[in-house]
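**Student:** Protein chains in written order, with my numbering: chain A, 1452 to 1486; chain B, 73 to 506. Think of the CB as a built atom: it goes at the ideal place given N, C-alpha and C, for glycine as much as any other residue. Before anything else, here's the structure in question.
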């Protein structure tokens, strides 16, 4: 099993991670606009 | 599996048979998910009696939180959740992220329902299935080596769904004040994009062997945390508390909506696991039809509107269902599943998860020598605590002063339970919920 730091680095360098993060930020902005 | 087949059939034949069985299980789970997810949106109609959309969403998420902890504890026990996390701890972060996406999307849907109505908003946010197909193809090797006919079935189905959604968007333009219609359409489409992105963590989890019941348990922290932040930042702590107090007579119904949603979501998770997101998500988006049935038959939506609006809404919904059907009939073949396994190997290498564990879980089995999950005192305490909360709020509840048609509501509820029993038994017999 990987140590925690390696695991975190694996997540942060995974493009699959950043797509939902970007969409989440966009969603929060949209919510602010609609409210 | 039948005992004879394991002793007489060669391993390759068993693999093909098991694979087909899991595909069918994924498709059945998708349809069950559709029925339950569709029913869960009905309580959000309570927004019509003047409760803030934020408060409605927060109360639903509390119901979701209780269900996400009590149902897995009841079905498998929390020991299985702990075992999953030990094997793939990185998935906790993915589950939290997915929970945050869900909370924002759910809040947007409530604004959408308020502005353009349930029967029109539903198909718009169900465009998330198109994104599910895109992400499945780009990131997880879905539809690779699928063959022309199957790929055309999925992509053609997606195109037909787009046409249906467009027809429904046109129908929405003639409903209510123009500014609110625009906000409602933006909110519904935004929710679709958020939910579409949420399927990336879903698929990630199942390619790495996590049990859907474990995934949803951690997912709930993301959604409750995000929803609490949204509610407090939007309303302020004092006004939020006052709104909760004034809404106490309907809290039970909203929490019940959250509970029903979790049952649908668990079936959706199994659909994503066994049929992939490019097929499982469109199938579970048959909730659009169920939402339409609840909206029109139980809540009397569209009553008194002119016939062309009815034709647009019904025609758009039928087009979307036609697309869903085409996708359902284009299940993954052996060659495509080989590509799925390659994606799973990539994930297990990247995150250091044992390959034999991933392979066993993708096949809906336990690893050889793995301790069978069992329920303990803690699990029963969780179930009792969650049930008690529901009972307390049920005692405070009163039936909302709305025009409801109870006979169709009873019929739709009976159909829900039929799906629950048939799909639940099939999952238990084939995978023991692994």
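Would you call the CB atoms of residue 359 of chain B and residue 106 of chain B closer than 8 Å?
**Tutor:** Locating residue 359 of chain B in the second chain gives position 287, where the first residue counts as 1. Locating residue 106 of chain B in the second chain gives position 34, where the first residue counts as 1. Closer than 8 Å, so yes.
**Student:** Cα separation between residue 300 of chain B and residue 308 of chain B?
**Tutor:** Position 228 of the second chain, counted from the start, is the residue given in the question as residue 300 of chain B. Position 236 of the second chain, counted from the start, is the residue given in the question as residue 308 of chain B. Rounded to the nearest angstrom, the two C-alpha atoms are 11 Å apart.
**Student:** Using the Cβ count rule (16 or more neighbours within 10 Å means buried), how would you classify residue 1466 of chain A?
**Tutor:** Locating residue 1466 of chain A in the first chain gives position 15, counting from the first residue. The residue in question, residue 1466 of chain A, is exposed, as its Cβ has fewer than 16 Cβ neighbours within 10 Å.
**Student:** For residue 178 of chain B, report the span of its alpha helix (DSSP H) as first-last.
**Tutor:** Counted from its first residue, the second chain places residue 178 of chain B at position 106. Element bounds for residue 178 of chain B: 163–188.
**Student:** Evaluate residue 233 of chain B with the Cβ neighbour count: other Cβ atoms within 10 Å of its Cβ, from every protein chain shown; 16 or more gives buried, anything less gives exposed.
**Tutor:** For the purposes of this step, residue 233 of chain B is identified with residue 161 of the second chain, where counting begins at 1. Buried.
**Student:** Once you ignore the five residues that flank residue 75 of chain B on each side, which residues in its own chain have a CB closer than 7 Å to its CB?
**Tutor:** Within the second chain, numbered from 1, the residue matching residue 75 of chain B stands at position 3. The predicted position of residue 75 of chain B is uncertain, since its pLDDT is 38 and thus under 50; no value can be drawn from it.
**Student:** Residue 177 of chain B and residue 313 of chain B look like a contact to me (Cβ under 8 Å); what is the Cβ gap, rounded to whole Å?
**Tutor:** On the second chain, residue 177 of chain B is found 105 positions in, with the first residue counted as 1. On the second chain, residue 313 of chain B is found 241 positions in, with the first residue counted as 1. The pair is not a contact, with the Cβ atoms about 25 Å apart (cut-off 8 Å).
**Student:** Count the C-beta pairs between the region 281–292 of chain B and the region 197–216 of chain B that are closer than 8 Å, then say yes if the count reaches three, no if not.
**Tutor:** Cβ pair count under 8 Å is below three, so no.
**Student:** Please tell me whether, using a cut-off of 7 Å, the distance from the CB of residue 265 of chain B to the nearest non-hydrogen atom of the ligand MG is below it.
**Tutor:** No copy of the ligand MG occurs in the structure displayed, which carries no ligand at all.
**Student:** Less than 6 Å between C-beta atoms, sequence neighbours within five positions excluded: which residues of the same chain meet that for residue 137 of chain B?
**Tutor:** Reading the second chain from its first residue, position 65 is the one you call residue 137 of chain B. Here the set comprises 292, 296.
**Student:** Ends of the alpha helix (DSSP H) at residue 295 of chain B?
**Tutor:** As a working mapping, residue 295 of chain B is identified with position 223 in the second chain. Its alpha helix (DSSP H) spans residues 284–307.
**Student:** Of all the CB atoms in chain B, is at least one closer than 8 Å to the CB of residue 1470 of chain A?
**Tutor:** Sequence index remark: in the first chain, residue 1470 of chain A carries index 19 (1-based). Chain B contact via Cβ: present.
**Student:** Check residue 506 of chain B in the structure and name its three-state DSSP category.
**Tutor:** As a first step, residue 506 of chain B is located in the second chain; it is residue number 434 there, counting from the start. Three-state result, residue 506 of chain B: coil.
**Student:** If we count the other Cβ atoms within 10 Å of its Cβ and call it buried at 16 or more, is residue 183 of chain B buried or exposed?
**Tutor:** For this step, residue 183 of chain B is matched to residue 111 along the second chain. By the 10 Å Cβ count, residue 183 of chain B comes out buried.
**Student:** In terms of residues, what are the limits of the alpha helix (DSSP H) holding residue 1467 of chain A?
**Tutor:** Position 16 of the first chain holds residue 1467 of chain A. Start and end: 1466–1485.
**Student:** Considering residue 211 of chain B, what are the terminal residues of the alpha helix (DSSP H) in which it resides?
**Tutor:** If you number the second chain from 1, residue 211 of chain B lands on position 139. That run of the alpha helix (DSSP H) goes 200–212.
**Student:** Out of curiosity, what's the CA-to-CA distance linking residue 298 of chain B and residue 172 of chain B?
**Tutor:** Here residue 298 of chain B corresponds to residue number 226 of the second chain, with the count starting at 1. Here residue 172 of chain B corresponds to residue number 100 of the second chain, with the count starting at 1. Distance between the alpha carbons of residue 298 of chain B and residue 172 of chain B: 5 Å.
**Student:** Is the distance from the Cβ of residue 111 of chain B to the Cβ of residue 325 of chain B below 8 Å?
**Tutor:** Taking the first residue of the second chain as position 1, residue 111 of chain B is located at position 39. Taking the first residue of the second chain as position 1, residue 325 of chain B is located at position 253. Taking 8 Å as the Cβ cut-off, residue 111 of chain B and residue 325 of chain B do not qualify as a contacting pair.
**Student:** Identify whether residue 148 of chain B lies in helix, strand or coil by the three-state DSSP scheme.
**Tutor:** Position 76 of the second chain, counting from 1, holds the residue named residue 148 of chain B. Three-state DSSP puts residue 148 of chain B in coil, outside helix and strand.
**Student:** For residue 1484 of chain A, does the count of other Cβ atoms within 10 angstroms reach 16, so buried, or fall short, so exposed?
**Tutor:** Stepping through the first chain from its first residue, residue 1484 of chain A is reached at position 33. By the neighbour-count rule (16 or more Cβ atoms within 10 Å), residue 1484 of chain A is not buried but exposed.
**Student:** Below 8 Å, can you find three or more Cβ-Cβ pairs linking the region 326–334 of chain B to the region 254–264 of chain B?
**Tutor:** Verdict: no, contact absent.
**Student:** By Cβ distance, which residues of its chain are closer than 7 Å to residue 148 of chain B, with the 5 residues on each side in sequence left out?
**Tutor:** Indexing the second chain from 1 puts residue 148 of chain B at position 76. Result list for residue 148 of chain B: 285, 445, 505, in chain order.
**Student:** With C-beta atoms as the reference, is residue 98 of chain B less than 8 Å away from residue 347 of chain B?
**Tutor:** Within the second chain, numbered from 1, the residue matching residue 98 of chain B stands at position 26. Within the second chain, numbered from 1, the residue matching residue 347 of chain B stands at position 275. Against a cut-off of 8 Å, the Cβ pair of residue 347 of chain B and residue 98 of chain B comes out as a contact.
**Student:** Less than 6 Å between C-beta atoms, sequence neighbours within five positions excluded: which residues of the same chain meet that for residue 139 of chain B?
**Tutor:** The residue you call residue 139 of chain B lines up with position 67 of the second chain. Contacts found: 331, 334.
**Student:** Taking Cβ to Cβ, would you say residue 189 of chain B is nearer than 8 Å to residue 373 of chain B?
**Tutor:** Locating residue 189 of chain B in the second chain gives position 117, where the first residue counts as 1. Locating residue 373 of chain B in the second chain gives position 301, where the first residue counts as 1. Result yes, Cβ atoms of residue 189 of chain B and residue 373 of chain B sit closer than 8 Å.
**Student:** When DSSP labels each residue in this structure, what does residue 473 of chain B get in the three-state scheme?
**Tutor:** Within the second chain, residue 473 of chain B is the residue found at index 401, counting from 1. The answer is coil: DSSP assigns residue 473 of chain B none of H, G, I, E or B.
**Student:** Would residue 423 of chain B count as contacting chain A if we go by Cβ distances under 8 Å?
**Tutor:** Residue mapping note: residue 423 of chain B aligns to position 351 of the second chain, counting from 1. Yes, residue 423 of chain B counts as interfacial toward chain A.
**Student:** Give a yes or no on whether the C-beta atoms belonging to residue 185 of chain B and residue 323 of chain B are separated by under 8 Å.
**Tutor:** In the second chain, residue 185 of chain B corresponds to position 113, counting from 1. In the second chain, residue 323 of chain B corresponds to position 251, counting from 1. No.
**Student:** Let me know if residue 158 of chain B comes out buried or exposed under the rule of 16 or more other beta-carbons within 10 Å of its beta-carbon.
**Tutor:** In the second chain, counting from the first residue as 1, residue 158 of chain B sits at position 86. Exposed, since its Cβ has fewer than 16 Cβ neighbours within 10 Å.
**Student:** Let me confirm a value: residue 485 of chain B is counted as buried when at least 16 other C-beta atoms fall within 10 Å, else exposed. Which label applies?
**Tutor:** Residue numbering aside, residue 485 of chain B sits at position 413 when the second chain is read from its first letter. Classification of residue 485 of chain B: exposed, given that the 10 Å Cβ count is below 16.
**Student:** By the criterion of Cβ-Cβ separation under 7 Å, what are the contact partners of residue 183 of chain B in chain A?
**Tutor:** Residue numbering aside, residue 183 of chain B sits at position 111 when the second chain is read from its first letter. The contacting residues are 1485.
**Student:** Of the residues B:321, B:340, B:220, B:304, which one's Cα is nearest the Cα of residue 467 of chain B?
**Tutor:** Counted from its first residue, the second chain places residue 467 of chain B at position 395. Among B:321, B:340, B:220, B:304, the Cα nearest to that of residue 467 of chain B belongs to B:321.
**Student:** Distance, Cα to Cα, residue 180 of chain B vs residue 169 of chain B?
**Tutor:** Numbered from 1 along the second chain, position 108 holds the residue referred to as residue 180 of chain B. Numbered from 1 along the second chain, position 97 holds the residue referred to as residue 169 of chain B. Their backbone Cα atoms lie some 17 Å apart in a straight line.
**Student:** Compare the Cα-Cα distances from residue 196 of chain B to each of B:430, B:481, B:388, B:429 and report the closest residue.
**Tutor:** Mapped onto the second chain, residue 196 of chain B falls at position 124. Considering only alpha carbons, the answer is B:388.
**Student:** Look at the Cβ atom of residue 350 of chain B, then the Cβ atom of residue 208 of chain B, and state whether they are nearer than 8 Å.
**Tutor:** The residue labelled residue 350 of chain B in the question sits at position 278 within the second chain. The residue labelled residue 208 of chain B in the question sits at position 136 within the second chain. It is a contact, given that the beta carbons lie within the stated cut-off.
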